[in-house]
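The structure appears right after this line, and notes come after that.
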Amino acid sequence: MGARRRQGVRLVESWVDRLKTAPTTLDLPSDNRRPHRSDTYGRWPFELRPRTVDVPPHSLLLAALGLTLARLTGASTVLVGVGDPTAPVPVRIDVDDDLAPAAFVRGVEESLAWSLARGRFPLDDVATRLGVTRSGRRHPFVQVHFSTPGRPDAEIAPWFDLAVRVDEGGSFAGRLDYAAEIWAEGEAGRFALDYAAAVEQLGEAADSADATLADLRCISAPARKTLAAINDTSREFPDTSVDALFRDVAGRWPTAVAVRDAESALTYAELADAAAEQAHRLRAAGVGDGDTVLIGVPRSVAEVVAVLGTLWAGAAYFGVDLTQPASHTARILAKACPAAAIAADDTRLAPHGVPVVEPWHPGRNSTGAAAVRPDSGRRAYIAFTSGSTGAPKGVAIPHRGVIRLVHGSEYLALGPGERSLRLASLAFDASTLELWGTLLTGATLEICPPDVLFPAEIGAFLEERRITVAFLTAGLFGLVQEFAGHSFSGLRHLMTGGDVVPHEHVRRALANNPGLVVTNCYGPTENTVVTTVCSVREPESVDGPLPIGSPVPGTRVHVLDGRGRLLTPGAVGELYAAGDGLASGYVNDSAETDKAFGFFSPDVPERLYRTGDLVRIDGSGRLRFVGRADDQVKIRGFRVELHAISESLRAREGVDEAFVTVTDGDSLDKRLVAAVRLAPGADITPADLRDRLRDELPSYMVPGLWAVVDQLPITTTGKIDRRRLATIARPAGAFPRRAA
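The following block contains the structure:
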């Protein structure tokens with residue numbers, strides 16, 4: 001091997017060693033979907049005010065660029081191209097938040113010197129060694145370019161998303177060249193302002209002996225104003241209770257129909273009397289202030305009376321699907337500790353020792369109970385969700401949370417004369433929106449019979465009852481649109497949520513029903529059903545996934561990084577919620593409560609709920625859902641933590657390893673996939689495992705597809721190959737028992 005060739009090999013080896021642990025793709029968060037290629041570029045001028053530090057100014061400017069990119073993308077290492085734009089040399093910038101700013105800048109200066117000392121970057125050879133492929137005309141290693149002293153003022157190369165040019169003489173004037181198909185002008189402008197703020201903050205912090213990079217936010221003053229404006233949602237709410245507000249509504253519209261099912265209807269005055277009678281029966285059974293009551297009544301007028309009567313008695317209600325496995329019901333009852341249950345059939349509750357109170361029925365008259373003193377902090381209801389260990393978690397919602405949800409919330413568009421759909425199971429928190437969004441505004445609650453299950457039947461009910469306002473989960477909305485789209489013709493307002501909303505169905509619904517408003521309602525159970533909303537009226541405005549929108553009154557939202565720091569608009573981070581909608585916590589579970597609720601941010605001095613959802617703020621100041629920060633998914637509208645199912649499978653004798661994933665699709669199309677590695681000689685099949693899970697977990701947590709593997713398939717990046725598992729999985733019954 002000749003000397004030149006050996007030198008070339010050493011050059012490639014040095015670059016491979018330098019870049020092997022660096023991310024080769026830096027995806028800039030954007031409102032636009034990335035095109036195959038970018039041919040149009042915009043330009044944004046700016047001026048910088050760098051402080052004097054003991055390194056060349058361009059090193060400070062480059063370090064600030066790396067820090068700004070890291071804050072925007074969440075990356076701890078970024079690659080920035082320098083030198084000739086047609087043949088850029090990558091500079092590795094490692095952003096360690098524990099570093100002193102001055103040390104960070106010096107480290108960037110050393111990294112720049114290392115890259116420039118190599119003279120050139122053997123792109124093709126390094127890409128081959130690292131298995132990096134080109135994507136269209138995009139550069140395989142660097143998507144951002146930074147000018148260096150003495151370089152010509154060249155135009156941005158077609159494979160860069162972003163190029164920063166700075167004149168180090170005098171004013172430090174600069175410009176940002178950006179791919180216009182990727183970034184809008186406003187996004188580029190915000191980045192330029194944040195970059196200028198980073199230059200100033202980094203220069204100032206370099207003089208501090210105590211500062212670290214963790215102290216720097218890289219958020220400009222205009223960006224902070226945007227964040228403040230998003231959370232300008234304060235509103236005065238009545239310091240009272242849900243049942244007290246209902247009594248006020250009943251006093252204003254006593255003869256208006258409050259609730260109607262297939263058998264009966266009650267006016268607001270009649271519903272108030274029935275609830276008082278139900279409360280009297282509960283108190284006679286020993287139910288007192290602060291107790292909990294299980295509602296085991298099918299969807300009906302009697303169910304509504306039971307719920308309102310429970311609040312009237314000063315207790316909190318919760319719903320349970322009594323068709324689920326007895327062990328699952330037992331875990332819920334152990335958490336909730338109900339003082340009584342309202343149910344027509346006590347056979348399922350008898351084993352649990354819960355006193356049963358008969359539900360209301362037409363024609364029954366009895367003494368009504370006096371209302372308890374209103375207290376907005378008293379618990380109103382408990383909603384159970386999947387827990388991290390498979391055990392259900394009971395989310396305790398106070399009255400103020402429900403009042404915040406309904407009172408003065410223009411997005412609901414409910415009031416006297418409106419007819420609202422009652423469809424969701426009481427165990428599902430969407431029922432809170434249906435019940436109290438209607439009964440606290442003077443509208444009429446039209447109850448869909450419990451045996452109506454299919455989309456076409458739901459559509460027929462919408463038409464028959466002339467429903468004007470309805471909430472349908474994202475998956476169900478898509479199905480009703482597909483099989484009974486004509487049934488939306490009488491709707492004035494359609495709310496949806498619970499999962500990513502199928503935008504093609506939204507566009508079609510708006511196009512076919514002029515005057516219809518569709519609202520995407522986002523919110524975890526722990527923040528009383530709805531946290532943010534986004535309403536659309538014109539089909540032309542729907543060209544992709546709907547934003548999850550802006551916070552409702554009384555709610556504040558904060559996008560934070562892994563250290564709890566505020567992020568600039570546009571950056572991807574975890575969503576934290578605050579305000580009057582927050583739950584009190586998880587019932588009888590202080591450990592889980594402390595994980596999810598608390599003071600998690602040095603920048604936000606208020607109690608927060610950690611949603612686990614990754615979001616970003618778009619150019620219009622609306623939140624957009626990006627994904628999950630954990631392995632939680634939505635199945636048929638229910639939250640499911642995949643590792644909880646995996647742990648349950650691993651606990652089975654004969655199972656050495658288990659992994660659970662989910663197929664692609666919307667909430668109704670998704671299917672759980674379980675892959676198991678069985679112990680040698682284990683006499684067990686996926687059907688056996690499925691049946692055992694059915695005895696413990698609700699049906700929506702039992703995988704429908706299974707794979708038996710000798711080893712979990714791994715991707716080239718070392719992660720479990722979820723797509724491969726989905727392709728080899730089969731129904732549980734398709735696996736024969738092993739031969740003895």
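If you read the sequence shown in full-length UniProt numbering, its first letter stands for residue 1, the second for the next number, and so on.
From the three backbone atoms N, C-alpha and C, an ideal C-beta is built for every residue, glycine too.
The structure displayed is predicted, hence computed values, not measured ones.
If you draw a straight line from the Cα of P450 to the Cα of R694, it comes to about 23 Å.
K634 sits in a strand when the DSSP states are folded into three classes. Contact between F625 and R400 is absent: CB atoms are separated by about 26 Å, not below the 8 Å threshold.
If you ignore the 5 residues before and after L162, its C-beta comes within less than 6 Å of the C-beta of V144 and Y178, all in its own chain and listed in chain order. DSSP, reduced to helix, strand and coil, places N520 within a strand of the structure shown.
The three-state reading of DSSP puts D27 in coil, since its state is none of H, G, I, E or B.
Residue range L608 to I617 is occupied by the beta strand (DSSP E) that includes D613. Boundaries for S431: no beta strand (DSSP E) harbours it, while the alpha helix (DSSP H) harbouring it runs A430 to L439, taken from the DSSP string.
Judged by their CB atoms, V91 and V80 are nearer to each other than the 8 Å cut-off.
For E270 and L546, the gap between their C-alpha atoms comes out near 41 Å. Taking all protein chains shown into account, F599 has fewer than 16 neighbouring C-beta atoms within 10 Å of its C-beta and is therefore exposed. At a cut-off of 4 residues, the continuous stretches assigned as alpha helix (DSSP H) that sit fully inside the segment 310-395 are 326-336. Straight-line spacing of the CA atoms in V82 and E696 works out to 59 Å. If you draw a straight line from the Cα of L67 to the Cα of E464, it comes to about 59 Å.
Closest in alpha carbon position to L705, among R331, L678, P713 and V662, is V662. Between R652 and P602, the gap from beta carbon to beta carbon reaches 8 Å or more. Here the segment 323-332 does not lie against the segment 237-256, with fewer than 3 beta-carbon pairs under 8 Å apart. Between the segment 198-208 and the segment 229-245, the count of Cβ pairs shorter than 8 Å is below three; the stretches do not touch.
For A687, the enclosing alpha helix (DSSP H) starts and ends at P686 to E696. Annotated as distal: G585 and T555, with beta-carbon spacing of 8 Å or more.
The C-beta of E606 has fewer than 16 other C-beta atoms within 10 Å across all chains shown, which makes the residue exposed. The straight-line gap separating the alpha-carbon atoms of D499 and G562 is approximately 24 Å. One thing to note: T444 has its Cβ within 8 Å of the Cβ of S420.
In the displayed model, H643 falls within a helix according to three-state DSSP.
In the DSSP secondary-structure assignment, Y178 is bridged to G42 and L162. Going by DSSP, D194 is part of the alpha helix (DSSP H) stretching over E185 to A205.
Secondary structure at I720: strand, using DSSP grouped into helix, strand and coil. Sorting R622, A430 and R671 by C-alpha distance to the C-alpha of I548 places R622 at the top. Rounded to whole angstroms, the gap between the alpha carbons of G459 and R508 is 16 Å. Ranked by Cα distance from G581, the options A272, G523 and Q278 are led by G523.
In the three-state scheme derived from DSSP, where H, G and I count as helix and E and B as strand, I397 is classed as strand. Just so you know, the alpha carbons of V307 and W360 end up roughly 11 Å apart.
Within the same chain, H503, V506, R507, L510 and V536 come within 8 Å of V542 by CB-CB distance, once the 5 residues on both sides are set aside. Per DSSP, reduced to three states, the secondary structure at G251 is helical.
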